[in-house]
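Chains as they are written, first to last, in our numbering: chain A, 44 to 366; chain B, 53 to 194; chain C, 753 to 1022. Take a look at the structure below.
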């Protein structure tokens, strides 16, 4: 009986995968550049523009404690952490760079302020970031190994650039579940942890202002870096995040101001757009890694499976043997 | 035999078609940071252990060379949900069974490889490579 | 005398029909257990066990690497099958290096509960979420009527689906891998492990936790362990993320201080 069920499950997933591929093939036949909202599969989560969502009143559903209800599964809509300032431009890991067309045809830099889209590095820091990028594909020293490859948590901001994730809310808390770690955000004005404690995902304190979740992130160890292109801050960084939710409940903008006078010449702002994943969103193994829950006859419920990354990744994160 | 070849061709065609998509890299590590596209390997050996885990599953294979010396290899596959979508299950890799793996060797020089194709004892042949593996990069560059 | 008798009878009658919780509520709810809006016990909070269970589930005297413990296993001993007992002894002998906890691997279920570091429970009607400080993994206990996923899956924490029996949460956990130990002494299980947990309040700051384990490859029969979970009451207590598996390479990121600009930083790092 179980074997029959297993075959049925395999067949089901194959059908889903096949439908996703066929849908995505249809899209790729007609488009060259990354694509249009509403397309199926991973292509549906790669947009060229960042929708403007205004901070203001929240007019959507609320939880019993008054918080806007934004629970569910989400993913960003411009790309992974290959390239911080040209999210769809390919990263330093590409051995065979692809033809990608004009810069204007791709999503904008995640740096929304300054308008140049460049991280306002001090000169020594720009050189250090470039050094990391140059060695990504030949990590002959431990500090050139991408920390995410070792299953390190991705940090407060890069966590939104790596796979889909989940938001759960409770009285007094917003909790983010990422493949690479967890962020518990207490909705409180109490003091942060003592400054001597430095954490991969920092220590957060949040509150709601209308449709915007405002979070102050301190106690950052800043070890995660921001992308494969090597951008980083130091343990002195102060991060102020604003999660601005659209009233329809299907999109939000993540905005983070990074202030660190030891690394940057001025504070700068990071902007990452995000979209909701529903039971109708095709699985693509990256943005949407949820499954339909085993609830026969009921309305479809999607759930993510266990998010555990550390085990058995021993052979990863090894340094490259010198030639 | 013919049926196996036909399945292979169908899978290969589908794989090539999939390669045309602008899919983002799936690995939490960059392929080129860990594995050497200039060092393809083909391993045939007996499975001694499997670890069916996120983000990567591993099979451990004992490979005997011509002289009879045995080398234990660690071979990386994808995440269980990704493998399931290809039709691969944990039970396809029983301990003690022989398997053939084609892939790329780790840049660390150790007996570690990233699997791009796996051939099972029952003749089934699967493409299991990372989305930023050399085959996929080459197809996208065209 | 008749009046006193009537009064006493009335009081006895009142006590008999009014439940302890309702009585407590009537008295000012100092002892009432917290409940969610749908009337279920609310286990939200930060919890931790006391005692030596993580060192050794069975009764044991002091060892160089473990304080003594009464044990938390009903009946004292885990009923291993003969071949499994051999493996358990091998594990014990190798425990200093073989305990997956040493690599900061996920402790799993039920070890995460008595594993010696606090965990935080978040509860809403559809699920109970446990965030364990050690390693910071997350276990979701689904209380929305869904069933285990089909097929053979290998989870570190298992797949948890639960229902309420009165004020007790009964959790069914399956689909385990075989990578975790049950304690530091090498008590173990296979991928056939099946755990049934029972969670209930003893009082508003204490949870009574029991787990019945069965595993046809390892145990001759099901067996049960029991611990009490104590609520952290210290003002301002919070989990501190413990990604201990990063300690091996912590020092290499992001940019070593010695390689940064030679200028002293505006804020002195400690």
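We treat Cβ as the ideally placed atom computed from N, Cα and C, and that holds for glycine.
Check                                                                                                                                                                       : Outcome
Quick one: using the 10 Å Cβ neighbour count with 16 as the cut-off for buried, is residue 989(C) buried or exposed?                                                        : exposed
In the region 142-173 of chain A, which residues sit with their C-beta less than 8 Å from some C-beta in chain C, listed in chain order?                                    : 165, 167, 168 and 171
Since residue 111(B) contacts residue 129(B) with CB under 8 Å, what's their CB separation in whole angstroms?                                                              : 7 Å
So residue 269(A) and residue 200(A) are in contact, right, with Cβ under 8 Å, and what is the actual spacing, rounded?                                                     : 6 Å
Can you find a CB in chain A that lies within less than 8 Å of the CB of residue 159(B)?                                                                                    : yes
If I measure Cβ to Cβ from residue 205(A) and keep anything under 8 Å in the same chain, skipping five residues before and after, which residues do I get?                  : 123, 124, 191, 197, 221, 222 and 223
State yes or no: is the C-beta of residue 875(C) within less than 8 Å of the C-beta of residue 1004(C)?                                                                     : no
At a CB distance below 8 Å, what residues from the region 77-110 of chain B approach chain C? Give them in sequence order.                                                  : 103, 104 and 105
Tell me the rounded alpha-carbon separation between residue 868(C) and residue 152(A).                                                                                      : 45 Å
Go ahead and label residue 90(A) buried or exposed: buried means 16 or more other beta carbons lie within 10 angstroms of its beta carbon, across all protein chains shown. : buried
Could you run through the region 311-342 of chain A and flag, in chain order, every residue whose CB is less than 8 Å away from some CB of chain B?                         : 326, 327, 328, 329, 332 and 334
Identify the continuous alpha helix (DSSP H) that holds residue 86(B) and give its terminal residues.                                                                       : 83-86
Does any residue of chain A have a CB that is nearer than 8 Å to the CB of residue 1006(C)?                                                                                 : yes
Comparing alpha-carbon positions, which option in 896(C), 789(C), 804(C) and 785(C) lies nearest residue 934(C)?                                                            : 804(C)
Using a C-beta to C-beta distance shorter than 9 Å, which residues of chain B count as neighbours of residue 1000(C)?                                                       : The premise fails here: residue 1000(C) is roughly 15 Å from chain B at the closest Cβ pair, so nothing lies under 9 Å.
Helix, strand or coil: how does DSSP classify residue 778(C) here?                                                                                                          : The predicted model places residue 778(C) with a pLDDT of 43, which falls under 50 and marks its position as unreliable; any figure quoted below should be read in that light. In the structure shown, residue 778(C) sits in a helix (DSSP, three-state: H, G or I).
Quick check on residue 851(C) - is its C-beta less than 8 Å from some C-beta in chain B?                                                                                    : no
For the beta strand (DSSP E) containing residue 980(C), list its first residue and its last residue.                                                                        : 975-983
Considering residue 131(A), what are the terminal residues of the alpha helix (DSSP H) in which it resides?                                                                 : Here residue 131(A) belongs to no alpha helix (DSSP H), and DSSP marks it neither H nor E.
Identify the residues that DSSP records as bridge partners of residue 283(A): which are they?                                                                               : 259(A) and 300(A)
Please check if any C-beta of chain C sits within less than 8 Å of the C-beta of residue 142(B).                                                                            : yes
Please report the distance separating the alpha-carbon of residue 184(B) from that of residue 82(B).                                                                        : 7 Å
By Cβ distance, which residues of its chain are closer than 8 Å to residue 75(A), with the 5 residues on each side in sequence left out?                                    : Only weak support is given to the placement of residue 75(A): the predicted model assigns it a pLDDT of 27, under 50, and the question is left unresolved by the model.
Please check the pair residue 189(A) and residue 189(B), which I expect to be a contact at CB under 8 Å, by giving their CB distance rounded to whole angstroms.            : Contact flag wrong, Cβ pair sits at about 18 Å.
As an exercise, report each continuous beta strand (DSSP E) stretch of at least 3 residues that is fully enclosed by the region 824-907 of chain C, in chain order.         : 871-876, 879-884 and 890-894
Find the nearest neighbour of residue 347(A) within the set 815(C), 881(C), 829(C) and 1007(C), judged by alpha-carbon distance.                                            : 881(C)
Output the distance between the C-alpha atoms of residue 321(A) and residue 971(C), rounded to the nearest integer angstrom.                                                : 42 Å
Reducing DSSP to helix, strand and coil, say where residue 190(A) ends up.                                                                                                  : helix
Any Cβ of chain D within less than 8 Å of the Cβ of residue 904(C)?                                                                                                         : Chain labels in this structure do not include chain D; the protein chains are A, B and C.
Among the residues of its own chain, which have a CB less than 7 Å from the CB of residue 1012(C), if the five just before and after it don't count?                        : none
With distance defined between alpha-carbon atoms, name the residue in 208(A), 256(A), 239(A) and 209(A) nearest to residue 229(A).                                          : 256(A)
How many Å lie between residue 930(C) and residue 985(C) at the Cα?                                                                                                         : 35 Å
Under 6 Å Cβ to Cβ from residue 790(C), same chain only, skipping five residues before and after it: list those, please.                                                    : 877
Who does residue 212(A) pair with in a DSSP beta bridge?                                                                                                                    : 217(A)
In whole angstroms, what separates the C-alpha of residue 854(C) from that of residue 101(A)?                                                                               : 47 Å
Can you give the Cα-Cα distance for residue 133(A) and residue 127(A), rounded to whole angstroms?                                                                          : 10 Å
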